[in-house]
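J.: Encoded as structure tokens, here's the structure I'll be asking about.
Residue numbers (the numbering used here): 280 to 775.
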């Protein structure tokens, strides 16, 4: 009996110990659950320097027999060593490097097969911007990067109009893209453009009339599925007697993302000129948009408020008789949370000659640069628009010959100022432009060549974010709850 009692006593002690252990474990769990999470020190973003080299991509190509021109300007305060790259399917051919000083510009004529193939610009040292132009009348800035998504709006495939999408792959691996469309009635996805191959180191051109004919307003989204590619559009307008409209040729720059705000330094409405906006909503819900202009006419500008852009659709907004001035700036603001893409079109007619020009919208900023301007035998102007509520002072540098009063140009709230390039030299065939401001503005260049060979082109300036980079990278965060004991290195295997 004594042994039996001893065993029962030992069992009781064991049970008590198990109960105490369970209580301690439960308490520890409760403490972990109820305790405040460990505080982690806030990590500051890490500043990074602006890049000292980069590549600009010029996707559009000329047709057989056409000539083109490439203008390259230094965008910063340091000289830029630029090398033109010519892509012919293999490793790109490289021109001799050329040093471009601030306020200067390197202009290269592209003839024959060189104009029919895509080109690029490699820059080192100070940043550079470049503009590619064909036949002296259609031009667009070259792109500073290859991104996963591109949006282009402003196409018209009615009558004998032709819309082309230029896709350029400057890299060593093939790229595959998906092309979808925005129309006035909504989005369109086609099996034919679901997987489009863009071979390495070459470009292709898609005729949009083969995919979406008879569309008065058409947008394109390019989604890069594999590799990398750069996109831009081209529009050739040729009306008929039964379908009248503008006539001319222009390039349509692409944007990498829809935005909540766009602005344009130049639009025009007069007896022989007209302007309109092409608004594209790539999202899946309706966008509410407001359009504002400088020097607005109160009774007419009311119709530009609360415009609806359906999901996946394109809306054309006529800019007729909305401003007290014949030349005016335009701002597009999204009122809900659905960003849009905006392109501004201009049609000019002088006698029997006419032409069209497009500019992509830009979010307002403080620093801009643009290549390709010229003043000889042209009506050329740099248009500065301040869409904000505070006055902005702007400095414009046009290189040698810049007027002294361009050192401080005051732009009132919601106002536009036009600067004639012939003030910087009426005979100049090259006028690079740099714009810096103490607030947010947009800059838009307009060049009109008069006479029988009327030529009009406009271009939004390139923002400094394209060559400065983000300025900082996200911080690396440390989670104190994670195990931070490093694994011991594996022992080196000895000789067998």
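Think of the CB as a built atom: it goes at the ideal place given N, C-alpha and C, for glycine as much as any other residue.
Computed from a predicted model, the values in this text were never measured in an experiment.
Can you give the beta carbon distance from residue 446 to residue 424, rounded, assuming they're within the 8 Å contact cut?
T.: If you number the chain shown from 1, residue 446 lands on position 167. If you number the chain shown from 1, residue 424 lands on position 145. About 15 Å; that fails the 8 Å criterion.
J.: Can you tell me whether residue 395 is helix, strand or coil according to DSSP?
T.: In the chain shown, residue 395 corresponds to position 116, counting from 1. Coil, per DSSP.
J.: Within this structure, are the beta carbons of residue 719 and residue 739 separated by less than 9 Å?
T.: Within the chain shown, the letter at position 440 stands for residue 719. Within the chain shown, the letter at position 460 stands for residue 739. Not in contact: residue 719 and residue 739 (Cβ atoms no closer than 9 Å).
J.: Between which residues of its own chain and residue 748 is the CB-CB distance below 8 Å, once the five residues before and five after are set aside?
T.: For the purposes of this step, residue 748 is identified with residue 469 of the chain shown, where counting begins at 1. Around residue 748: 327, 329 and 330.
J.: Count the other CB atoms, across all protein chains shown, that sit within 10 Å of the CB of residue 448; report buried if there are 16 or more and exposed otherwise.
T.: Within the chain shown, the letter at position 169 stands for residue 448. Buried.
J.: Measure the alpha-carbon distance for residue 710 versus residue 678 and round it to whole angstroms.
T.: To locate residue 710, count along the chain shown from 1; it is residue 431. To locate residue 678, count along the chain shown from 1; it is residue 399. Their Cα atoms are separated by approximately 7 Å.
J.: Measure the alpha-carbon distance for residue 712 versus residue 544 and round it to whole angstroms.
T.: For this step, residue 712 is matched to residue 433 along the chain shown. For this step, residue 544 is matched to residue 265 along the chain shown. When rounded, the distance between both Cα atoms is 14 Å.
J.: What residues match up with residue 629 in a beta bridge as DSSP calls it?
T.: What you label residue 629 is simply residue 350 of the chain shown in a count that begins at 1. BP columns for residue 629 point to 632.
J.: Identify every residue that forms a DSSP beta bridge with residue 597.
T.: Locating residue 597 in the chain shown gives position 318, where the first residue counts as 1. In DSSP, residue 597 forms a bridge with 555.
J.: Taking the alpha helix (DSSP H) that residue 517 belongs to, which residues open and close that run?
T.: Within the chain shown, the letter at position 238 stands for residue 517. Per DSSP, residue 517 belongs to no alpha helix (DSSP H) and is neither H nor E.
J.: Keeping to the same chain, check which residues put their C-beta closer than 7 Å to that of residue 469; ignore five residues upstream and five downstream.
T.: Taking the first residue of the chain shown as 1, we reach residue 469 at position 190. Contacts found: 490.
J.: Apart from the five residues on each side of it in sequence, which residues of its chain come closer than 6 Å, Cβ to Cβ, to residue 693?
T.: The sequence position of residue 693 within the chain shown is 414, counting from 1. Answer for residue 693: 573, listed in chain order.
J.: List the endpoints of the continuous alpha helix (DSSP H) containing residue 745.
T.: Within the chain shown, the letter at position 466 stands for residue 745. Counting along the chain, the alpha helix (DSSP H) containing residue 745 begins and ends at 744 to 747.
J.: How is residue 573 classed by DSSP in three states: helix, strand or coil?
T.: The residue given as residue 573 occupies position 294 in the chain shown. It is coil, neither helix nor strand.
J.: Using CA coordinates, which residue listed in 438, 586, 585 and 349 is at the minimum distance from residue 523?
T.: Position 244 of the chain shown, counting from 1, holds the residue named residue 523. Nearest option by C-alpha distance: 438.
J.: Of the choices 435, 477 and 443, whose alpha-carbon is the least far from that of residue 452?
T.: On the chain shown, residue 452 is found 173 positions in, with the first residue counted as 1. The residue with the shortest Cα to Cα distance from residue 452 is 477.
J.: What do you get for residue 630, buried or exposed, if any count of 16 or more other CB atoms within 10 angstroms of its CB means buried?
T.: One-based indexing of the chain shown puts residue 630 at position 351. It counts as exposed.
J.: Is it the case that the segment 696 to 708 contacts the segment 644 to 654, given that we only count it when at least three CB pairs across the two stretches are under 8 Å?
T.: Contact holds: three or more Cβ-Cβ distances are below 8 Å.
J.: For the pair the segment 595 to 602 and the segment 497 to 510, tell me if three or more CB-CB distances fall below 8 Å.
T.: No, the segment 595 to 602 does not touch the segment 497 to 510.
J.: Measuring only the C-alpha atoms, how far is residue 509 from residue 335?
T.: Position 230 of the chain shown, counted from the start, is the residue given in the question as residue 509. Position 56 of the chain shown, counted from the start, is the residue given in the question as residue 335. Cα to Cα, the separation comes out at about 10 Å.
J.: With a CB to CB cut of under 8 Å and the five nearest residues on each side skipped, what residues in its chain are close to residue 671?
T.: Taking the first residue of the chain shown as 1, we reach residue 671 at position 392. Around residue 671: 665, 689, 690, 716, 717, 718, 719 and 720.
J.: Drop a sphere of 10 angstroms on the beta-carbon of residue 732, count the other beta-carbons inside from all chains shown, and report buried for 16 or more, exposed for fewer.
T.: As a first step, residue 732 is located in the chain shown; it is residue number 453 there, counting from the start. Exposed, because fewer than 16 other Cβ atoms sit within 10 Å of the Cβ of residue 732.
J.: I need the straight-line Cα distance from residue 312 to residue 419, nearest angstrom please.
T.: Numbered from its first residue, the chain shown carries residue 312 at position 33. Numbered from its first residue, the chain shown carries residue 419 at position 140. The predicted model places residue 312 with a pLDDT of 48, which falls under 50 and marks its position as unreliable, so this point remains unresolved.
J.: Is there contact here, the segment 349 to 364 with the segment 530 to 549, by at least three beta-carbon pairs under 8 Å?
T.: No contact exists between the segment 349 to 364 and the segment 530 to 549.
J.: Distance check for residue 642 and residue 551, CA to CA, integer angstroms please.
T.: Indexing the chain shown from 1 puts residue 551 at position 272. Indexing the chain shown from 1 puts residue 642 at position 363. In a straight line, the C-alpha of residue 551 is about 29 Å away from that of residue 642.
J.: How big is the Cα-Cα spacing for residue 428 and residue 503?
T.: Position 149 of the chain shown, counted from the first residue, corresponds to residue 428. Position 224 of the chain shown, counted from the first residue, corresponds to residue 503. Between residue 428 and residue 503, the C-alpha separation is close to 6 Å.
J.: Does any CB atom of chain D fall closer than 9 Å to the CB of residue 636?
T.: Of the chains in the structure shown, none is chain D; there is only one protein chain.
J.: Here's the rule: buried if 16 or more other CB atoms are within 10 angstroms of the residue's CB, otherwise exposed. What is residue 528?
T.: Here residue 528 refers to the residue found at position 249 when the chain shown is read from its first residue. With 16 or more Cβ atoms within 10 Å of its Cβ, residue 528 is classed as buried.
J.: Starting from the C-beta of residue 408, find all residues in its chain whose C-beta is less than 6 Å away, skip the five residues before and the five after it, and write them out in chain order.
T.: Position 129 of the chain shown, counting from 1, holds the residue named residue 408. Excluding positions up to five away in sequence, the list reads 352, 354, 648, 650 and 741.
J.: Measure the Cβ-Cβ separation of residue 663 and residue 695 and say whether it is below 9 Å.
T.: The residue labelled residue 663 in the question sits at position 384 within the chain shown. The residue labelled residue 695 in the question sits at position 416 within the chain shown. A contact, by the Cβ cut-off of 9 Å.
J.: With 16 as the cutoff for other CB atoms within 10 Å, does residue 549 come out buried or exposed?
T.: For this step, residue 549 is matched to residue 270 along the chain shown. It counts as exposed.
J.: What does a CB cutoff of less than 7 Å around residue 473 pick up in its chain, not counting 5 residues either side in sequence?
T.: Within the chain shown, numbered from 1, the residue matching residue 473 stands at position 194. Cβ neighbours of residue 473 beyond the five flanking positions: 457.
J.: My understanding is that residue 399 touches residue 455, with C-beta atoms under 8 Å, so please give their C-beta distance in whole angstroms.
T.: Sequence index remark: in the chain shown, residue 399 carries index 120 (1-based). Sequence index remark: in the chain shown, residue 455 carries index 176 (1-based). So it is not a contact: roughly 21 Å between Cβ atoms.
J.: Can you tell which of 413, 369, 577 and 385 has its C-alpha closest to the C-alpha of residue 479?
T.: Residue numbering aside, residue 479 sits at position 200 when the chain shown is read from its first letter. The candidate whose alpha carbon is nearest that of residue 479 is 369.
J.: Determine, using beta-carbon pairs with one atom in the segment 510 to 519 and one in the segment 613 to 620, whether at least three such pairs fall under 8 Å.
T.: Output reads no: the segment 613 to 620 does not touch the segment 510 to 519.
J.: Measure the C-alpha to C-alpha separation of residue 637 and residue 435 and round it to an integer number of angstroms.
T.: Position 358 of the chain shown holds residue 637. Position 156 of the chain shown holds residue 435. Whole-angstrom Cα-Cα distance: 13 Å.
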